[in-house]
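Visitor: Quick one: this structure, given as structure tokens, is what I'll be asking you about.
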């Protein structure tokens, strides 16, 4: 019993951890929350998926074995004791009972026995009579089901734990071990997956995921196992006719549902049904839940802006979930398109730049809280594309670029997000939008800065305007040319990196005006090259143009730190949505329901059914018979005292005699 209670305590503590700590999240989420050291410690105990950890399943198994042995050992004795009337109690021993009464009856032993039996039957007792010479022992009992309560409660623990084990990863682990299943870790077509990567179609218990794009169908679930996945065949195929998603006025998703067509693979029968959150599909022992939604391979149209050297932008088409190659020779790299977000609701009220959440966090808003929480800073800032750039050395960076300019401090800016991995926040390259709402002006200025001829012409023009003819003009030209060249390659950091700490502020005060004015000349030169007039900084839009120029300088300063040779701007898309289903066969659910019913019956029996036993010893006496009655119960409560007093009064009235003064 102590061992079982200890196991129950461990299970309760583990369940508390599993309830408080979100389970099955991305690894970087836990690293950010606990730090690398504690993550490594907690990871040894698998608290990120605690209900499927080896030690939790081991404790559950020990509890099942321990409680089963306890039931097998004690249940027969409890049943025998509940069925026994204990009629072999010695009559003289009844005087030791606290609740007793002695009576003298004018009836003989047989008549007194009949009256006592009738009284006990009227009060709901069953009884048995034992003859002891010329005396009789009447043994009665009721409430024997109280003992069944202990049995049902312990059996319920076993049944509930078995249901939990059935719905855990244990059946899949046993099959992987016994049938030598190997999880798939590489990308491959379903048709190419070997038999060792497939679970049996008659798998008794599994929990899988299924992503079905619009207009497509699938009959295969994906079961996460170890560091890879296993395929789980289903007895039917699921075709997604159409996916719907509704949004709150804040842009958060309020509801999503899927119109599907189900086809039985054995009979060919098919029917249509709508699956939505909290309204799953049940068919052939498999339950299909609406879990979330994702991109189903949307077609993307992008403009590729070169960020180094000179060259015109090019157009690119891609699909979410696929890779494409760019560049040639040693500069070749791959672009892996990972996502398209048509709606991005971000909190822009606190001045912070957006940090797009993952799909799970995006979908979590369907709980309805977003409809009630008012945040004036929430805004939909338009579509965005997510991709990875993988260099020839295998190093990858993540990018998230917004299609439309976002107002930052009152000025429209294109945000090009970048980070090394998912554990880092996005850092943004900010590119000011020109008067046409594009980044074309900035890119022309960048290209002009990379053009040696234009750069020298701008430096010459700057020197002519700001220095008299002669040696000073030549020196100013050399300074402007060198500053623009260094700035184009390494930004302001390149100008300061070789300077002493004490001289850096003085150098900046000298270099910044040169670079700003030089870039102003470069901008006009770039505009003249494409047939546009120079910028009028004194006109009606002069203040905006001055601000654009200041922001462009800041953008060019950050450009050398951008970890990709190109910037991809989303110019168009054809969205293909996909529904994410959770597919489960969980026989343990019925088992747990049965265990809950047994537990309710057991607890009710233990607390509300009281076992009471009565013995009446009838022996011959002077002028009739003598009766000695005693009553006992497992719990001597106030209700039991009242019940004894009622029985005592009934016996006194039945035989119309007083009680023994010693009672």
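In the numbering used here, the protein residues as written are 1 to 663.
Glycine included, each C-beta is placed from N, C-alpha and C at the ideal position.
1) From residue 495 to residue 25, what distance separates their C-alpha atoms?
2) Check the C-beta distance from residue 534 over to residue 524 and give it rounded, since I have them as a contact under 8 Å.
3) Report the residue from 12, 258, 237 and 229 whose alpha carbon sits nearest the alpha carbon of residue 243.
4) So what does DSSP say about residue 397, is it helix, strand or coil?
5) Does the count of Cβ pairs from the segment 426–441 and the segment 587–597 closer than 8 Å reach three?
6) Taking 9 Å as the threshold (C-beta atoms), are residue 205 and residue 587 in contact?
7) With a Cβ-Cβ cutoff of 9 Å, do residue 137 and residue 102 count as a contact?
8) Between which two residues does the beta strand (DSSP E) carrying residue 634 extend?
9) Please name the residue or residues paired with residue 585 in a DSSP beta bridge.
10) Looking only at its own chain, which residues have a Cβ that is under 6 Å from the Cβ of residue 39, when we skip the five neighbours before and after it?
11) Residue 99: buried (16+ other C-beta within 10 angstroms of its C-beta) or exposed?
12) Where residue 330 and residue 392 are concerned, what is the direct C-alpha to C-alpha distance, given to the nearest angstrom?
13) Can you find the residues in the same chain that come closer than 7 Å, C-beta to C-beta, to residue 460, ignoring five residues on each side of it along the sequence?
14) Here's a check: name, in chain order, each residue in its chain whose Cβ is nearer than 7 Å to the Cβ of residue 661, leaving out the five neighbours to either side.
15) Below 6 Å CB to CB, which residues in the same chain sit around residue 52 once its five sequence neighbours on both sides are set aside?
16) In angstroms, rounded to a whole number, what distance separates the CA positions of residue 573 and residue 42?
17) Applying the 10 Å Cβ sphere with the 16-neighbour rule, what's the burial state of residue 642?
18) For the candidate residues 412, 614, 223 and 203, whose alpha-carbon lies nearest to that of residue 211?
19) Leaving out five residues before and five after residue 363 in sequence, what residues of the same chain have Cβ atoms less than 6 Å from its Cβ?
20) Quick check on residue 600: does DSSP put it in helix, strand or coil?
21) For residue 290, which beta-bridge partners are listed by DSSP?
22) Based on DSSP bridge pairs, tell me the residues matched to residue 620.
23) Can you pull the DSSP bridge partners for residue 341?
24) Residues bridged to residue 139 by DSSP?
25) Would residue 198 pass as a contact of residue 232 if the rule is Cβ separation under 9 Å?
26) Residues in its own chain within less than 7 Å of residue 154 by CB, not counting five upstream and five downstream?
27) Taking the beta strand (DSSP E) that residue 325 belongs to, which residues open and close that run?
28) Between which residues of its own chain and residue 485 is the CB-CB distance below 7 Å, once the five residues before and five after are set aside?
29) Any idea what DSSP makes of residue 390, helix, strand or coil?
30) Please name the residue in 297, 327 and 516 whose C-alpha comes closest to that of residue 306.
31) Just the Cα atoms here: how many angstroms apart are residue 591 and residue 273?
32) From residue 612 to residue 634, what does the alpha carbon distance come to, in whole angstroms?
33) Excluding sequence positions up to five away, which residues of its chain have a Cβ less than 7 Å from the Cβ of residue 371?
34) State buried or exposed for residue 172, treating a residue as buried only when at least 16 other CB atoms are found within 10 Å of its CB.
35) Under three-state DSSP, which class holds residue 267?
36) Beta strand (DSSP E) containing residue 470: first to last residue?
Guide: So, from the data block:
1) About 44 Å.
2) Going by Cβ atoms, the distance from residue 534 to residue 524 rounds to 4 Å, so yes, they are a contact pair.
3) Residue 243 has its Cα closest to that of 258, out of 12, 258, 237 and 229.
4) In this structure, residue 397 counts as strand in the three-state DSSP scheme.
5) Under the 8 Å Cβ criterion, the segment 426–441 does not count as touching the segment 587–597, having fewer than three qualifying pairs.
6) Judged by beta-carbon spacing, residue 205 lies within the 9 Å limit of residue 587, meaning their Cβ atoms are closer than that value.
7) For residue 137 and residue 102, no; Cβs fall outside 9 Å.
8) Counting along the chain, residue 634 falls outside any beta strand (DSSP E), and DSSP gives it neither H nor E.
9) As computed with DSSP, residue 585 is found in a beta bridge with 206.
10) So the qualifying residues of the chain are 30 and 31.
11) The residue is buried, with at least 16 neighbouring Cβ atoms inside 10 Å.
12) Between the alpha carbons of residue 330 and residue 392 lies a gap of roughly 7 Å.
13) Cβ within range, chain order: 477.
14) Residue placement at residue 661 cannot be trusted, given a pLDDT of 35 that sits under 50; what the coordinates show is reported in the next sentence. Within the same chain, residue 661 has no close Cβ partners at all.
15) Excluding residues within five positions, the ones whose Cβ falls inside 6 Å are 168 and 169.
16) Going by the C-alpha atoms only, they are around 43 Å apart.
17) Exposed: under 16 other Cβ atoms inside 10 Å.
18) Considering only 412, 614, 223 and 203, the residue with the shortest C-alpha distance to residue 211 is 223.
19) Confidence is the limiting factor: at residue 363 the pLDDT is only 44, short of 50, which leaves the residue's position unreliable and the question unanswerable from this model.
20) Residue 600: helix per DSSP, three-state reduction.
21) For residue 290, DSSP records a beta bridge to 581.
22) 625.
23) The partner list for residue 341 (beta bridge, DSSP) reads 384.
24) BP columns for residue 139 point to 128 and 615.
25) Contact flag set, yes.
26) Its chain contains 67, 70 and 71 as the residues whose beta carbon lies nearer than 7 Å to that of residue 154, once the 5 sequence neighbours on both sides are disregarded; these appear in chain order.
27) Run containing residue 325: 323–326, per the beta strand (DSSP E) assignment.
28) Result list for residue 485: 455, in chain order.
29) Taken through DSSP and simplified to helix, strand or coil, residue 390 comes out as strand.
30) Nearest C-alpha to residue 306: 327.
31) So the two alpha carbons sit approximately 28 Å from each other.
32) Cα to Cα, residue 612 sits roughly 7 Å from residue 634.
33) Residue confidence is low: residue 371 scores 41 on pLDDT, short of 50, so the model does not pin down where it sits. Its coordinate-derived value is still stated next. 248 and 254.
34) In summary, residue 172 is buried, with 16 or more beta-carbon neighbours lying within 10 Å of its beta-carbon over all protein chains present.
35) Residue 267 carries a coil assignment under DSSP once its states are collapsed to helix, strand and coil.
36) For residue 470, no beta strand (DSSP E) run applies, since DSSP gives it neither H nor E.
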